Amino acid sequence: MNATSATFELLGDRLTLAVLRDAFLERTCRFNQWLEHTGAPPAILADRLNALVLRGVFHRVPQPDTPERYEYQLTELGLSTWQILVCLWGWQREWTAEGAGEPELVHEQCGHRGPAVVVCWECDNHISARNTVVEIESDAVWSSTSGARRRSSRLPSEPAQRGDMQFNTVMEAIGDRWSALVTGYALAGARRFGDFRAALDVSPTTLTDRLSRLCAADILRKCEPGQQYRLTARGMDLFGVYASFIWWSGQAFPDATGRGLVIRHRLCDALVEPVLKCRGCNSRLNRTSVRFDHVRAQ
-14 MNATSATFEL
-4 LGDRLTLAVL
6 RDAFLERTCR
16 FNQWLEHTGA
26 PPAILADRLN
36 ALVLRGVFHR
46 VPQPDTPERY
56 EYQLTELGLS
66 TWQILVCLWG
76 WQREWTAEGA
86 GEPELVHEQC
96 GHRGPAVVVC
106 WECDNHISAR
116 NTVVEIESDA
126 VWSSTSGARR
136 RSSRLPSEPA
146 QRGDMQFNTV
156 MEAIGDRWSA
166 LVTGYALAGA
176 RRFGDFRAAL
186 DVSPTTLTDR
196 LSRLCAADIL
206 RKCEPGQQYR
216 LTARGMDLFG
226 VYASFIWWSG
236 QAFPDATGRG
246 LVIRHRLCDA
256 LVEPVLKCRG
266 CNSRLNRTSV
276 RFDHVRAQ
């Protein structure tokens, strides 16, 4: 399996993202805390945590007060997922009604509140789907069809309206492997049913279902001539999310058969390593220079 597919297998799941969200926002580190926060069945939560430990996102350490039990602490690789979460949050803030109730990203240095902008590490210019090329590596077809079936992305009983980062809407685009790959190939320029079919070697029924779901979520739109599927403005703005996922995949799966998807910046011809910048003061952001504040009541 290539690195891009493996990353969406690991992280493209609502419960997994909720686990990471709570680790960053609430400093959650114990199994029972995640059970309470997410409402997930214990067996499913244990499965997600075990997968994250195996990939090196978390490591287990004995609890100080109960050594026979463990805490889950983010590794350096785990800490680097903060950019993915910030991009997911930024997209939801910009494009969904529920985003207005989520906490605000605050740059500690200048106090600016709101989503960051994604720039190229090499040339420091803004990057988007319009000034980059998403390239499909030659092994992508084989590896995208050789992975295990995606696990369910649903959380059966996560408490509603928690007032923190939720990922409900964006799960339509990344919540299962096929939806994530269809959106990724749309960013790479796939337009026709046959283009997606050739790239993914997915069954016609599954592909039709995913294309229909993405159209219903206003990520894609079906248009003439030739029954093409094109990204909407909402779908195009998922670029920062995908750029962050693809960059992280290279860090997390260096032993994979290939990257699957890579992004090249047209302005400097470099492979994209996305960086976040503050829209207020134009300085680069990192994990320790920002915080999330709960939205104040009006």
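One point on numbering: in our numbering, the residue at position 170 of the sequence shown is 155, and numbering is uninterrupted.
Glycine included, C-beta positions come from ideal geometry on N, C-alpha and C.
Because the structure is a prediction, the values reported are computed rather than measured.
Annotation: the continuous alpha helix (DSSP H) that includes residue 193 extends over 189 to 201. In terms of Cβ geometry, residue 155 and residue 73 form a close pair [threshold 8 Å]. Listed as beta-bridge partners of residue 56 by DSSP are 15, 46. Here DSSP, grouped into helix, strand and coil, assigns residue 277 to strand. Look at residue 155 here: in three-state DSSP terms it is coil, with no helix or strand label. For the 8 Å CB-CB criterion, residue 266 and residue 111 do not form a contact. Contact check for residue 105 against residue -12 fails: the beta carbons are separated by 8 Å or more.
Inclusion of residue 55 and residue 49 in the CB contact set at 8 Å is not warranted, their separation being larger than that value. Between residue 264 and residue 84, the C-beta gap is not smaller than 8 Å, which leaves the two residues out of contact. Going by beta carbons, residue 39 and residue 8 fall outside the 8 Å limit. As DSSP reads the structure, residue 259 sits in a beta bridge with 105. Contact between the segment 228 to 238 and the segment 61 to 71 is present, with at least three C-beta pairs closer than 8 Å.
Excluding the 5 residues flanking it on each side, residue 225 has same chain C-beta neighbours closer than 6 Å at 72, 103, in chain order. According to the DSSP assignment, residue 216 belongs to the beta strand (DSSP E) that extends over 213 to 216. According to the DSSP assignment, residue 122 belongs to no alpha helix (DSSP H), since it is labelled neither H nor E. Residue 89 sits in a strand when the DSSP states are folded into three classes.
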